[in-house]
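**Q**
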Amino acid sequence: MLPLPLREAYDYRVPDGMELVPGDFVEVPLGPRRVIGVVWGPGAGTLESGRLKPVVRRFDVPPMTEVGRRFVEWVAAYTMTPPGFVLRMAVSVPSALEPPKPMLAYLRKQGAEPPPGFKMTDPRKRILALLQDGPPRTPAELADEAGCGVTVVRGLAEAGLLEPVMLQPTRLGRPDWRRPGPSLSADQRAAADDLRARVASGSYSTVLLDGVTGSGKTEVYYEAISAALEQGKQALVLLPEIALSAQWLDRFARRFGAPPAEWHSELTGAQRRDTWRAVAKGEVPVVVGARSALFLPYPDLGVIIVDEEHDSAYKQEEGAIYHARDMAVARAHLGGLPIALVSATPSLETKVNADSHRYARIELPARHGGAVLPDVELIDLRRDRPPARHWLAPSLRKALTDTLAVGEQAMLFLNRRGYAPLTLCRACGHRMQCPNCTAWLVEHRLARKLQCHHCGLQQPLPHACPECGEEGTMAACGPGVERIAEEVAELFPDARAAIMASDTLHGPRAIQEMVESIGRHELDIIIGTQVMAKGHHFPMLTLVGVVDADLGLNGGDLRAAERTYQLLHQVAGRAGRGERPGRVMLQTFMPEHPVMQALAAGDRDGFYQLEAEMRLEAGMPPFGRLAALIVSGEDPTLVERVAMALGRAAPRSDSVHILGPAPAPLALLRGRHRRRLLLKAPRSTQVQPLIAEWLDRVEIPPAIRVQIDVDPYSFL
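Every letter in the sequence shown is one number past the one before it in the UniProt record's numbering, and letter 598, counting from 1, is 598.
1. Excluding sequence positions up to five away, which residues of its chain have a Cβ less than 6 Å from the Cβ of alanine 410?
2. Consult DSSP for threonine 206 and reduce its assignment to one of helix, strand or coil.
3. Roughly how many angstroms lie between the CA atoms of alanine 572 and valine 376, to the nearest whole one?
4. Which word fits glycine 211, buried or exposed, when buried means at least 16 other C-beta atoms lie within 10 angstroms of its C-beta?
5. Output the residue ranges of the alpha helix (DSSP H) runs that lie fully inside the segment 56 to 115 and measure 4 residues or longer, sorted by chain position.
6. Could you round the C-beta distance between proline 394 and aspartate 384 to whole angstroms and report it? I think they count as a contact, below 8 Å.
7. Let me check understanding here. Comparing Cα to Cα, which of Asp494, Val584, Ile379 and Leu130 lies closest to alanine 405?
8. Between the C-alpha atoms of valine 306 and lysine 119, what's the straight-line distance to the nearest angstrom?
9. Ordered along the chain, which non-local residues of its own chain (more than five positions away) have a Cβ less than 6 Å from that of valine 237?
10. Going by DSSP, which residues form a beta bridge with proline 622?
11. Between leucine 20 and valine 39, is the Cβ-Cβ spacing less than 7 Å?
12. Could you pull the DSSP bridge partners for methionine 585 from this structure?
13. Does DSSP put proline 394 in a helix, a strand or coil?
14. From leucine 130 to threonine 504, what distance separates their C-alpha atoms?
15. Could you check what DSSP says for tyrosine 322 in three-state terms: helix, strand or coil?
16. For valine 55 and proline 3, what's the separation of their Cα atoms in angstroms?
17. Hey, could you find the ends of the beta strand (DSSP E) threonine 423 is sitting in?
18. How would you write the range of the beta strand (DSSP E) that arginine 286 sits in, first residue to last?
19. Assign methionine 166 to buried or exposed, taking buried as 16 or more other Cβ atoms, counted over all protein chains shown, within 10 Å of its Cβ.
20. Short of 7 Å in beta carbon distance, which residues of its chain neighbour glutamate 317, apart from the five on each side in sequence? Order them along the chain.
21. Answer yes or no: do histidine 454 and alanine 476 have a C-beta to C-beta separation smaller than 7 Å?
22. Could you tell me which of Ala159, Thr81 and Phe85 sits nearest to glutamate 113, measuring between CA atoms?
23. Using DSSP with H/G/I as helix, E/B as strand and the rest coil, what is proline 682?
24. Looking only at its own chain, which residues have a Cβ that is under 7 Å from the Cβ of methionine 596, when we skip the five neighbours before and after it?
25. Tell me which residue opens and which closes the beta strand (DSSP E) that aspartate 307 is part of.
26. Apply the 10 Å Cβ neighbour rule to cysteine 425 and answer buried if 16 or more other Cβ atoms are within range, or exposed otherwise.
27. Pick out the complete beta strand (DSSP E) segments inside the segment 112 to 200, 3 residues or longer, and give them in chain order.
28. Can you list, in chain order, the residues of its chain with a C-beta nearer than 6 Å to that of arginine 347? Leave out the 5 residues immediately preceding and following it.
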């Protein structure tokens, strides 16, 4: 099997003297080039031996396990993606197949004396002192610790005072499961014991760890990790966003004495190479990562944890379209190991599975350490109106004043980056739109630019309207976090405020520094997006204000109410996590909406019951099946023609319905025109064979791409 968009494996000949087993990583010829492949099994035998090209070489890494190969095939079949394309996610770092290059290091040469005229400067003396009784060190390490340049180290080596040695790269320290964890409450101990027993059993089970925000779910599932390490097995923890990892990594290192291996898009190529190879060799006991960490080559996985399992970031929307939570459950089932889905606000799919006893459930109903859940108040913006061209209602302003007066911290949440979501001309009404996407350009005043958050296009703020040419008429409409920060600076000039958003904090290091700064109470007011909505613990943060609680309810998305409830519940959970009680204020034009009523009443299960009844009546997931076909191309006429042909050829029956074709809400994305068709069927229906037969009836031109999204989450 080659990591290319191919639907079947290719046959090759095994040269004399080469031993191969299924799962071996090999290099093979493909046309004029050489590519990496994985031995999948016996050849089909349909070609004469003389026509088969020979395998070039076998890489010296452990073979991909049978479970790993079955997982590739399962994901490919479920998502209707070529197996080779899924394999590419599992062989994402080809350089990791080569042995790592040894590193140059130095020891102090025993008995060596400085040559005549060689001056022993203070930096040289410090380097020799560092190497007096210690292990070999690399030149960079020595220079860093001695506070000098690498040339000083080289000078000592050239003088014969240092002895060069070659070292193999080593992994970080191994997490120690024997280290005692924090004292757990009775509920936490019962939950931890349940998880430990599941790991010890070495058999498949899926359990929902359902606990309110601040209940200590992380410390509980650390016990499952400890149980896996005790058995000599590996553990995988999936986190939805890299932003969550900073505090998590600190807590893990305190608990186990060493950090886990990380896997996410911010790693360097060298880090990805070393981590992939170390995971394959079983040298990494614990991996924490984004959804792609699921495809690493684990030889002996003992438990999977999916933290914040409800988060939509687990859905991969490009390439092979899959939901990492669902694929993680499949990986656990194939490998015969337990998986824990962790959330204070489970997805409706997971909750229904737990309610029907398909999944087990462990509950943590109370916050740890005696902290209580915050009070939630609704601010009716129809009555409690902010002043003109301002966005904070009088009651929220007063709450901010009271909070700052007693030395506590406040958070203002608005899930909208930049300064304003729309810029238009007051003279002619022209709106600044992305030329490549069906999306308005977002103003980022701090960076003095307009930006498309879908394709990344940027352009300077215009001095004059590009449509009518009038100067000074471009106006920002609606608030983003930058505009809220401007209002905060106007209202509270002495308060220490900062913006916490993905485009102001670049990478995990910046996020960690911001989190630490908040924890040290170096900030009074934090204004941010969903980057700060979950996973963080700030004991002095007692007030959370949501500027536009209605924002996620717009757009007609199937999961709009569910996602809005989950996000606002998580945001509210940042308040009152220490000894001081918390307060949450939601600004809304729809206080009567079921989402707002459930949040104010603290009635999570009531909201889920209502949402489930509506979905059941409509036959929508999790009580029905959906699959989307997205037709895209650069020629809108050709896209429309293919979409219409698919519409005419669609399968139809009393139970299977086809919606569309219709323009996608983002009808133009990154320069490609898009049409959508949606297949709706009963839950018992296997949609993949239906779609395969459907696509076989229509000839798709090479210029057109048809993406298949089984179980769509986004309808853009």
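All C-beta atoms in this analysis are idealised placements derived from N, C-alpha and C, irrespective of residue type, glycine included.
**A** The structure says:
1. The answer, listed in chain order, is Leu400, Thr403, Ile525 and Leu543.
2. Strand, per DSSP.
3. Distance between the alpha carbons of alanine 572 and valine 376: 8 Å.
4. Buried.
5. The segment 56 to 115 contains these whole alpha helix (DSSP H) runs: 66 to 79 and 83 to 90.
6. Contact holds; Cβ gap of about 6 Å.
7. Looking at the Cα atoms, Asp494 is the closest of the given residues.
8. A direct Cα-Cα distance of roughly 59 Å separates valine 306 from lysine 119.
9. Cβ within range, chain order: Val288 and Ile305.
10. Note: proline 622 sits in no beta bridge, so no partner.
11. Taking C-beta atoms as the reference points, leucine 20 and valine 39 count as a pair closer than 7 Å.
12. Here methionine 585 is bridged, per DSSP, to Glu377 and Gly545.
13. If DSSP states are grouped into helix, strand and coil, proline 394 belongs with the helices.
14. About 40 Å.
15. Three-state result, tyrosine 322: strand.
16. Going by C-alpha positions, valine 55 is about 16 Å away from proline 3.
17. Where threonine 423 is concerned, the enclosing beta strand (DSSP E) stretches over 422 to 425.
18. Residue 286 is actually valine in this sequence, not arginine. Segment 286 to 289, the beta strand (DSSP E) holding valine 286.
19. Exposed is the call here.
20. Cβ within range, chain order: Ser714.
21. Taking 7 Å as the Cβ cut-off, histidine 454 and alanine 476 do not qualify as a contacting pair.
22. Residue Ala159 is the option with its Cα nearest to glutamate 113.
23. In this structure, proline 682 counts as strand in the three-state DSSP scheme.
24. Counting only Cβ-Cβ distances below 7 Å, and skipping sequence neighbours, we find Leu378, Ala549, Leu586, Thr588 and Met590.
25. Judged by DSSP secondary structure, aspartate 307 falls within the beta strand (DSSP E) whose first and last residues are 301 to 307.
26. Burial of cysteine 425 is indicated by the presence of at least 16 other C-beta atoms within 10 angstroms of its C-beta.
27. You should have 162 to 167.
28. Note on residue identity: the sequence assigns serine, not arginine, to residue 347. Within the same chain, serine 347 has close Cβ partners His310.
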